[in-house]
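To get the numbering used here, take the position in the sequence shown, counting from 1, and add 21. The beta-carbon is built from N, C-alpha and C at its ideal position, and this holds for glycine as well. Quick caveat: nothing in here was measured; it's all calculated off a predicted structure. The structure under discussion appears below in the form of C-alpha cells.
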Amino acid sequence: CPNGGCQSKCGSSGTSFGDARKSKRKERPTKDEQKSLNIIVDARQAAMDDRDGKVWDLARGGCESSYWVQDAIEIMASRLQSPAGHQDQTAHSDTCDLLRGFQGHVVEALEQDYANFVIRQAVEVLPTQYIGFIASELVGNGVSMAEHGFGCRTVLRLVKHCGQEGEASRYAEEVIREVLGEAEDLCRSEYGKFTMEELLQSGSAEHRHRVLQALSSNLIRNAQDQHGCSVFEKVFEVCDETATARIVDGLIGSPDTVQSLIKSRCGKFVLRDLVKFGHHAEKVHGALRPCADQLRDSKGGRKILEFLFARPGSIARERAGQGPSNSVQFGRV
22 CPNGGCQSKC GSSGTSFGDA RKSKRKERPT KDEQKSLNII VDARQAAMDD
72 RDGKVWDLAR GGCESSYWVQ DAIEIMASRL QSPAGHQDQT AHSDTCDLLR
122 GFQGHVVEAL EQDYANFVIR QAVEVLPTQY IGFIASELVG NGVSMAEHGF
172 GCRTVLRLVK HCGQEGEASR YAEEVIREVL GEAEDLCRSE YGKFTMEELL
222 QSGSAEHRHR VLQALSSNLI RNAQDQHGCS VFEKVFEVCD ETATARIVDG
272 LIGSPDTVQS LIKSRCGKFV LRDLVKFGHH AEKVHGALRP CADQLRDSKG
322 GRKILEFLFA RPGSIARERA GQGPSNSVQF GRV
C-alpha cells in the first residue's frame, strides 16, 4: 500500500504509490522485541486497572514506537495462529487488551502518519474476529478512507475478511458494499483504484462482477484515465475470457474506439495489457492489424505489436511459420 512513513511494514504491499511518498521513507528502526512485549504487558495491566494504556500514544508517537506496537500485534498473531492458539485464553485476552486502546480512534488513526500502519497491521495479520471494531468504525467512512492515501491500506485489507461467519465479517462486508457503491469513481481515484484491484484479485465472484460493471459503465473514459487504466491490467490478469468478453468487445468492437485508445497514452496501456494477457487473441489481432503502421509511430504502440507478435500460437507467428522474434513485422505478415 502507500509508501511513506516507515519502510517495510509501513511501506508497500506490492503496489506503488508515487514518488512523493517514496521520498519520505525512513530506515526501519532496530527491532526491539522486549519493547513490544512490554507494550503487551502494559495493555494487560491497563485493562485490569480499567484505565487507558500506552498503546494509542505509542502508535501515533513516531516511527519507532509505531513499529513496537506493530511488532506486538505480530507477536499476538503468531500466538493465536499456533497449534494451541484457539485454546489459549491468555493470547485471546492479551490481543483484546492490546486493541482496546484503538477503539473509538480508528478513523483518526488512519489519517495519521504512524498510527495508520498499526491499524493496517492488525487487519492484515489478525483473525477476523479481532478486527470487528475496526470495520464497524469504518462503516459510513468506507469510501473516504478508500480514497485516502493512508486509509486505503486498511480498506483493501478488509476484503479478505468478507464472507466469513460472525459480526466482524459482516461489518467488513458493509464497508466493502459502500466502496462498491462508488466503484466507478474509485476506479479513477489515485488511491481508490487499489481497493478495486484487491477486489478483483481476492474478492468474491460478486465483487469482481461489480468492479467489471463499474469499468464497463464508462468504458473508454475509464480506459483513458491515468488511474483507471491500471485496473484494466488487473482485470486481464485475474479474470477469465468469459468475464472479460463484454469489456473486450467494448474496447475493440469498432475501429473508432480502437483509434481513440491508440491516440491516448493510457489507452495504449490498456491495449498492451489486453494483448499481454492473451484475452480473445484472434479478435484482438483482427482489430489491431489494420492499425499496425500507426502503432509503430510510438513506443507504446510498438510494445503492443511486440507483445502480440511474440505470443505463442498467435496468428501472426502461425502465418509467418516462425518462432518468437524480437523484430516487429506484424503489419507485413
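Nearest by alpha-carbon distance to residue i: which of the options is it?
i	options	result
Val-127	Ala-226, Asp-118, Met-166 and Phe-215	Met-166
Thr-263	His-300, Ile-60, Asp-134 and Val-176	His-300
Phe-298	Arg-323, Ala-308 and Asp-261	Asp-261
Ala-302	Ile-60, His-113, Lys-284 and Ile-325	Ile-325
Val-291	Ala-189, Phe-328, Ser-103 and Ser-210	Phe-328
Glu-158	Phe-215, Ala-308, Gln-91 and Tyr-192	Tyr-192
Phe-154	Gly-172, Glu-132, Phe-171 and Ala-189	Ala-189
Arg-277	Ile-268, Lys-304 and Ile-241	One point to set straight first is that residue 277 is Asp, not Arg, in the sequence displayed. The shortest C-alpha separation from Asp-277 is found at Ile-241.
Gly-202	Glu-227, Gly-184 and Gly-125	Glu-227
Tyr-135	Asp-109, Phe-171, Ala-112 and Gln-150	Phe-171
Gly-82	Asp-73, Ala-130 and Gln-110	Ala-130
Is residue i helix, strand or coil by DSSP?
i	result
Leu-207	helix
Gln-133	coil
Arg-81	helix
Lys-45	The pLDDT assigned to Lys-45 is 47, lower than 50, so where the model puts this residue is not dependable, and the model offers no usable value.
Glu-258	helix
Thr-51	coil
Pro-333	Per-residue confidence for Pro-333 stands at a pLDDT of 48, beneath the threshold of 50, marking its modelled position as unreliable; no derived number is given.
Gly-288	helix
His-248	coil
Leu-147	coil
Lys-75	coil
Ile-152	coil
Asp-109	coil
Arg-317	coil
His-300	coil
Glu-195	helix
Cys-183	coil
Gly-170	coil
Phe-253	helix
Ser-165	helix
His-126	coil
Asp-70	coil
Val-176	helix
Val-269	helix
Val-90	helix
Could you check whether residue j and residue i sit closer than 7 Å to each other, using their CB atoms as the reference points?
i	j	result
Phe-138	Ser-87	yes
Val-196	Val-252	no
Cys-287	Gln-222	no
Ala-98	Val-146	yes
Gly-213	Glu-168	yes
Lys-75	Asp-92	no
Val-90	Ala-80	yes
Lys-181	Glu-218	no
Grab the span of the alpha helix (DSSP H) containing residue i for me, first residue to last.
i	result
Ser-376	Since the displayed the chain opens at 22 and closes at 354, residue 376 lies outside it and no answer follows.
Phe-403	Residue 403 lies beyond the stretch modelled for the chain, which goes from 22 to 354, so this question has no answer here.
Val-279	276-283
Gln-234	226-238
* **Cβ contact (3+ pairs, closer than 8 Å) linking the stretch 115-126 and the stretch 170-186** => no
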